[in-house]
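Residue numbering for the sequence shown follows the working numbering, starting at 85 and increasing by one per position. Where a beta carbon is used, it is the ideal one built from N, C-alpha and C, also for glycine. Notes follow the structure.
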Amino acid sequence: MKRAGFSTPWLPVLLLVPQLAIIAIFFYWPAIVALHSSFFLQDPFGFGSTFVGLDNYTNLLGSAEYRRVAVFTLTFTLLVTVFSLALALLLAVKADKVLRGAKTYRTLLMWVYAVAPPVAGFIAVILFNQSWGPLTELFALFGHTYMVGVNFNDTAFAMILASVWKQVPVNFIFFLSALQSIPRSVREAALIDNRSASGRFWDVTFPLLAPTGFFLLIINITYALFETFGIVDTVVKGEPGNNPMTLVYKVYVDGFRGNDLGGSSAQSVILMVLVLALTVFQFRLLERRIHYT
(Lines of atoms letter the chains of each structure in order from A; the text may use other names.)
(Lines give C-alpha, C1' and ligand atoms only; values in the text may rest on other atoms or scores of the structure.)
Protein backbone atom coordinates (compact mmCIF):
# COMPACT_ATOMS: atom_id res chain seq x y z
CA MET A 85 0.00 0.00 0.00
CA LYS A 86 1.40 3.36 -1.06
CA ARG A 87 1.62 5.90 1.72
CA ALA A 88 0.59 9.46 0.96
CA GLY A 89 3.02 12.20 1.89
CA PHE A 90 4.49 15.56 1.00
CA SER A 91 7.14 15.84 -1.67
CA THR A 92 9.11 18.31 0.45
CA PRO A 93 9.31 18.70 4.24
CA TRP A 94 8.79 22.46 3.95
CA LEU A 95 5.33 22.23 2.36
CA PRO A 96 3.42 21.21 5.53
CA VAL A 97 5.26 23.95 7.42
CA LEU A 98 4.21 26.55 4.85
CA LEU A 99 0.60 25.36 5.10
CA LEU A 100 0.69 25.81 8.87
CA VAL A 101 2.29 29.26 8.80
CA PRO A 102 -0.97 31.28 8.26
CA GLN A 103 -2.75 29.61 11.16
CA LEU A 104 0.29 29.81 13.43
CA ALA A 105 0.70 33.49 12.54
CA ILE A 106 -2.92 34.23 13.46
CA ILE A 107 -2.54 32.43 16.80
CA ALA A 108 0.73 34.21 17.56
CA ILE A 109 -0.56 37.68 16.63
CA PHE A 110 -4.02 37.51 18.17
CA PHE A 111 -3.41 35.25 21.17
CA TYR A 112 0.19 34.75 22.27
CA TRP A 113 1.38 38.31 21.72
CA PRO A 114 -1.59 39.95 23.56
CA ALA A 115 -1.19 37.39 26.36
CA ILE A 116 2.50 38.24 26.75
CA VAL A 117 1.75 41.96 26.72
CA ALA A 118 -1.01 41.54 29.31
CA LEU A 119 1.28 39.47 31.55
CA HIS A 120 3.99 42.12 31.30
CA SER A 121 1.57 45.01 31.94
CA SER A 122 0.11 43.30 35.00
CA PHE A 123 3.33 43.99 36.91
CA PHE A 124 3.28 47.72 36.22
CA LEU A 125 1.30 50.79 37.17
CA GLN A 126 0.90 52.47 33.79
CA ASP A 127 -0.01 55.97 32.76
CA PRO A 128 -3.14 55.73 30.58
CA PHE A 129 -1.66 58.23 28.08
CA GLY A 130 1.57 56.26 27.67
CA PHE A 131 3.91 58.70 29.42
CA GLY A 132 5.48 56.10 31.65
CA SER A 133 5.05 53.10 33.91
CA THR A 134 6.19 52.04 37.37
CA PHE A 135 7.05 48.50 38.34
CA VAL A 136 4.80 47.40 41.24
CA GLY A 137 5.41 43.65 41.25
CA LEU A 138 2.42 41.66 42.45
CA ASP A 139 0.54 44.66 43.85
CA ASN A 140 -2.08 44.55 41.07
CA TYR A 141 -2.83 40.91 41.89
CA THR A 142 -2.94 41.40 45.66
CA ASN A 143 -5.24 44.40 45.25
CA LEU A 144 -7.60 42.35 43.11
CA LEU A 145 -7.67 39.33 45.40
CA GLY A 146 -8.27 41.61 48.38
CA SER A 147 -11.06 43.55 46.66
CA ALA A 148 -14.60 42.78 47.81
CA GLU A 149 -15.96 44.12 44.53
CA TYR A 150 -13.79 41.77 42.50
CA ARG A 151 -14.91 38.79 44.58
CA ARG A 152 -18.53 39.85 44.07
CA VAL A 153 -18.03 39.99 40.31
CA ALA A 154 -16.26 36.61 40.35
CA VAL A 155 -19.13 34.97 42.26
CA PHE A 156 -21.68 36.46 39.89
CA THR A 157 -19.65 35.29 36.88
CA LEU A 158 -19.60 31.75 38.25
CA THR A 159 -23.35 31.82 38.90
CA PHE A 160 -24.07 33.43 35.53
CA THR A 161 -21.94 30.87 33.65
CA LEU A 162 -23.54 27.94 35.48
CA LEU A 163 -27.12 29.11 34.88
CA VAL A 164 -26.59 30.05 31.24
CA THR A 165 -24.84 26.75 30.48
CA VAL A 166 -27.35 24.52 32.26
CA PHE A 167 -30.49 26.17 30.90
CA SER A 168 -29.10 26.55 27.37
CA LEU A 169 -28.22 22.86 27.18
CA ALA A 170 -31.40 21.64 28.90
CA LEU A 171 -33.80 23.69 26.76
CA ALA A 172 -31.94 22.85 23.56
CA LEU A 173 -32.00 19.12 24.34
CA LEU A 174 -35.72 19.26 25.12
CA LEU A 175 -36.48 21.09 21.87
CA ALA A 176 -34.26 18.75 19.87
CA VAL A 177 -36.04 15.68 21.24
CA LYS A 178 -39.41 17.21 20.39
CA ALA A 179 -38.27 18.33 16.92
CA ASP A 180 -36.93 14.87 16.17
CA LYS A 181 -40.44 13.48 16.60
CA VAL A 182 -42.16 16.05 14.36
CA LEU A 183 -43.35 14.53 11.07
CA ARG A 184 -45.44 17.27 9.48
CA GLY A 185 -43.94 20.74 9.09
CA ALA A 186 -40.61 19.58 10.49
CA LYS A 187 -38.49 21.99 8.40
CA THR A 188 -40.60 24.98 9.40
CA TYR A 189 -40.47 24.00 13.07
CA ARG A 190 -36.70 23.60 13.02
CA THR A 191 -36.17 26.84 11.12
CA LEU A 192 -38.18 28.79 13.68
CA LEU A 193 -35.99 27.36 16.43
CA MET A 194 -32.69 28.07 14.65
CA TRP A 195 -33.19 31.59 13.28
CA VAL A 196 -32.25 33.21 16.61
CA TYR A 197 -28.67 32.09 15.97
CA ALA A 198 -28.38 34.91 13.41
CA VAL A 199 -29.06 37.55 16.07
CA ALA A 200 -25.91 39.31 17.31
CA PRO A 201 -25.33 39.43 21.10
CA PRO A 202 -25.82 43.24 21.35
CA VAL A 203 -29.13 42.88 19.49
CA ALA A 204 -30.19 40.12 21.90
CA GLY A 205 -29.35 42.44 24.79
CA PHE A 206 -31.31 45.27 23.16
CA ILE A 207 -34.34 42.99 22.78
CA ALA A 208 -34.09 42.17 26.49
CA VAL A 209 -33.99 45.90 27.28
CA ILE A 210 -37.16 46.42 25.22
CA LEU A 211 -38.97 43.49 26.83
CA PHE A 212 -38.06 44.74 30.32
CA ASN A 213 -38.62 48.45 29.67
CA GLN A 214 -39.87 50.04 32.90
CA SER A 215 -42.67 51.97 31.16
CA TRP A 216 -44.14 49.65 28.54
CA GLY A 217 -42.09 46.44 28.46
CA PRO A 218 -44.29 43.33 27.98
CA LEU A 219 -42.38 41.27 30.55
CA THR A 220 -42.35 44.21 32.96
CA GLU A 221 -46.13 44.38 32.74
CA LEU A 222 -46.31 40.62 33.23
CA PHE A 223 -44.28 40.82 36.45
CA ALA A 224 -46.43 43.76 37.55
CA LEU A 225 -49.44 41.43 37.58
CA PHE A 226 -47.69 39.51 40.36
CA GLY A 227 -46.89 42.66 42.31
CA HIS A 228 -43.24 43.02 41.30
CA THR A 229 -41.91 46.28 39.87
CA TYR A 230 -39.23 45.18 37.42
CA MET A 231 -36.31 47.63 37.09
CA VAL A 232 -33.49 46.66 34.75
CA GLY A 233 -30.36 48.72 35.36
CA VAL A 234 -31.47 49.63 38.87
CA ASN A 235 -32.20 46.39 40.71
CA PHE A 236 -29.30 43.89 40.80
CA ASN A 237 -31.44 40.73 40.60
CA ASP A 238 -33.74 42.13 37.92
CA THR A 239 -30.79 43.09 35.74
CA ALA A 240 -29.13 39.71 36.28
CA PHE A 241 -32.32 37.88 35.27
CA ALA A 242 -32.59 39.91 32.05
CA MET A 243 -28.94 39.17 31.21
CA ILE A 244 -29.34 35.44 31.84
CA LEU A 245 -32.60 35.24 29.89
CA ALA A 246 -31.14 37.00 26.85
CA SER A 247 -27.96 34.89 26.97
CA VAL A 248 -29.87 31.62 27.16
CA TRP A 249 -32.25 32.67 24.37
CA LYS A 250 -29.28 33.52 22.14
CA GLN A 251 -27.41 30.24 22.75
CA VAL A 252 -30.25 27.70 22.61
CA PRO A 253 -30.34 27.49 18.77
CA VAL A 254 -26.65 26.53 18.56
CA ASN A 255 -27.12 23.69 21.02
CA PHE A 256 -30.36 22.70 19.30
CA ILE A 257 -28.61 22.23 15.95
CA PHE A 258 -25.95 19.94 17.41
CA PHE A 259 -28.33 17.91 19.57
CA LEU A 260 -30.76 17.42 16.68
CA SER A 261 -27.95 16.25 14.40
CA ALA A 262 -26.75 13.84 17.07
CA LEU A 263 -30.25 12.46 17.57
CA GLN A 264 -30.74 11.90 13.86
CA SER A 265 -27.40 10.11 13.61
CA ILE A 266 -28.52 7.38 16.04
CA PRO A 267 -29.08 4.20 13.95
CA ARG A 268 -32.67 3.19 13.44
CA SER A 269 -31.83 -0.37 14.51
CA VAL A 270 -30.71 0.90 17.92
CA ARG A 271 -33.98 2.77 18.40
CA GLU A 272 -36.04 -0.25 17.40
CA ALA A 273 -34.10 -2.50 19.77
CA ALA A 274 -34.59 0.01 22.59
CA LEU A 275 -38.31 0.13 21.83
CA ILE A 276 -38.54 -3.64 22.23
CA ASP A 277 -36.50 -3.76 25.44
CA ASN A 278 -38.12 -0.78 27.16
CA ARG A 279 -41.66 0.45 26.54
CA SER A 280 -41.14 3.57 28.63
CA ALA A 281 -40.18 6.64 26.54
CA SER A 282 -38.33 8.27 29.42
CA GLY A 283 -36.55 5.01 30.21
CA ARG A 284 -35.39 4.62 26.60
CA PHE A 285 -34.12 8.21 26.58
CA TRP A 286 -32.02 7.96 29.75
CA ASP A 287 -30.79 4.39 29.15
CA VAL A 288 -30.07 4.53 25.41
CA THR A 289 -30.41 7.96 23.80
CA PHE A 290 -28.75 10.14 26.44
CA PRO A 291 -25.52 8.06 26.68
CA LEU A 292 -25.21 8.20 22.87
CA LEU A 293 -25.47 11.99 23.07
CA ALA A 294 -22.64 12.22 25.60
CA PRO A 295 -19.86 13.13 23.10
CA THR A 296 -22.01 15.92 21.64
CA GLY A 297 -23.00 17.05 25.11
CA PHE A 298 -19.37 17.20 26.22
CA PHE A 299 -18.45 19.31 23.19
CA LEU A 300 -21.39 21.66 23.81
CA LEU A 301 -20.50 21.93 27.49
CA ILE A 302 -17.13 23.42 26.57
CA ILE A 303 -18.67 25.67 23.92
CA ASN A 304 -21.35 26.97 26.29
CA ILE A 305 -18.95 27.71 29.14
CA THR A 306 -16.75 29.65 26.73
CA TYR A 307 -19.81 31.47 25.39
CA ALA A 308 -21.04 32.44 28.86
CA LEU A 309 -17.61 33.69 29.90
CA PHE A 310 -16.64 35.66 26.81
CA GLU A 311 -19.29 35.95 24.09
CA THR A 312 -21.98 37.45 26.31
CA PHE A 313 -20.00 40.70 26.51
CA GLY A 314 -22.35 42.44 24.06
CA ILE A 315 -25.43 41.36 26.00
CA VAL A 316 -24.00 42.52 29.33
CA ASP A 317 -22.89 45.86 27.88
CA THR A 318 -26.31 46.53 26.32
CA VAL A 319 -28.35 45.55 29.38
CA VAL A 320 -26.13 47.46 31.80
CA LYS A 321 -26.42 50.47 29.43
CA GLY A 322 -22.83 51.55 29.92
CA GLU A 323 -23.44 52.38 33.57
CA PRO A 324 -22.23 49.35 35.57
CA GLY A 325 -22.43 50.97 39.03
CA ASN A 326 -23.74 48.29 41.38
CA ASN A 327 -25.29 46.32 38.51
CA PRO A 328 -24.12 42.76 37.83
CA MET A 329 -21.25 42.30 35.41
CA THR A 330 -18.97 39.46 34.40
CA LEU A 331 -15.21 39.28 34.77
CA VAL A 332 -14.68 39.98 31.06
CA TYR A 333 -16.84 43.09 31.22
CA LYS A 334 -14.99 44.27 34.34
CA VAL A 335 -11.70 44.05 32.42
CA TYR A 336 -13.21 46.42 29.85
CA VAL A 337 -14.66 48.78 32.46
CA ASP A 338 -11.46 49.06 34.50
CA GLY A 339 -9.12 49.18 31.51
CA PHE A 340 -10.93 51.40 29.00
CA ARG A 341 -13.06 53.51 31.32
CA GLY A 342 -11.14 53.53 34.56
CA ASN A 343 -7.79 53.75 32.74
CA ASP A 344 -6.34 51.16 35.12
CA LEU A 345 -4.29 49.31 32.52
CA GLY A 346 -2.19 47.38 35.03
CA GLY A 347 -5.19 46.23 37.05
CA SER A 348 -7.17 45.21 33.96
CA SER A 349 -4.13 43.30 32.64
CA ALA A 350 -3.90 41.42 35.95
CA GLN A 351 -7.58 40.57 35.63
CA SER A 352 -6.96 39.25 32.11
CA VAL A 353 -4.14 37.02 33.34
CA ILE A 354 -6.25 35.65 36.19
CA LEU A 355 -9.08 34.95 33.75
CA MET A 356 -6.71 33.16 31.36
CA VAL A 357 -5.41 30.96 34.18
CA LEU A 358 -8.96 30.11 35.31
CA VAL A 359 -10.05 29.20 31.79
CA LEU A 360 -6.92 27.07 31.31
CA ALA A 361 -7.56 25.24 34.58
CA LEU A 362 -11.20 24.70 33.66
CA THR A 363 -10.24 23.33 30.25
CA VAL A 364 -7.73 20.90 31.76
CA PHE A 365 -10.34 19.76 34.29
CA GLN A 366 -12.90 19.15 31.55
CA PHE A 367 -10.60 17.12 29.32
CA ARG A 368 -8.76 15.21 32.05
CA LEU A 369 -11.70 14.28 34.29
CA LEU A 370 -14.99 14.70 32.44
CA GLU A 371 -13.88 13.29 29.09
CA ARG A 372 -12.85 10.02 30.75
CA ARG A 373 -16.52 9.38 31.43
CA ILE A 374 -17.44 9.95 27.79
CA HIS A 375 -17.56 6.91 25.54
CA TYR A 376 -17.19 7.47 21.79
CA THR A 377 -18.67 4.92 19.44
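Looking at residue j and residue i, is the spacing between their C-beta atoms short of 8 Å?
i      : j      : result
VAL209 : THR318 : yes
VAL332 : SER247 : no
LEU225 : GLY217 : no
LEU292 : ILE257 : no
VAL335 : SER348 : yes
GLN251 : ASN213 : no
PHE431 : GLY137 : Because the chain spans 85 through 377 in this model, residue 431 falls outside it and cannot be assessed.
LEU119 : VAL353 : yes
ASN382 : VAL320 : The question about residue 382 has no answer here: the residues shown for the chain are numbered 85 through 377.
LEU300 : ASN255 : yes
LEU345 : SER121 : yes
PRO253 : MET194 : yes
DSSP state of residue i, grouped into three classes?
i      : result
GLN103 : helix
HIS228 : coil
PRO383 : For the chain, the structure presents residues 85 to 377; residue 383 sits outside this window and is missing.
LEU293 : coil
ASN213 : coil
THR330 : coil
ILE315 : helix
ASP238 : helix
LYS250 : helix
ILE109 : helix
ASN343 : coil
GLY283 : helix
SER91  : coil
SER261 : helix
GLY352 : Note that residue 352 is Ser in the sequence shown here, rather than Gly. Three-state DSSP puts SER352 in a helix.
LYS178 : helix
SER168 : helix
Who pairs with residue i in a beta bridge, going by DSSP?
i      : result
LEU125 : THR134
Can you find a C-beta in chain C that's less than 8 Å from the C-beta of residue i?
i      : result
ALA294 : Here chain C cannot be found, since the structure has a single protein chain.
Kindly give me the distance between the Cβ atoms of residue i and residue j, rounded to whole angstroms, as I take these residues to be in contact under 8 Å.
i      : j      : result
VAL288 : VAL270 : 7 Å
TYR230 : LEU219 : 7 Å
- Three or more C-beta pairs closer than 8 Å, one from the stretch 92-112 and one from the stretch 305-319: is that the case here? no
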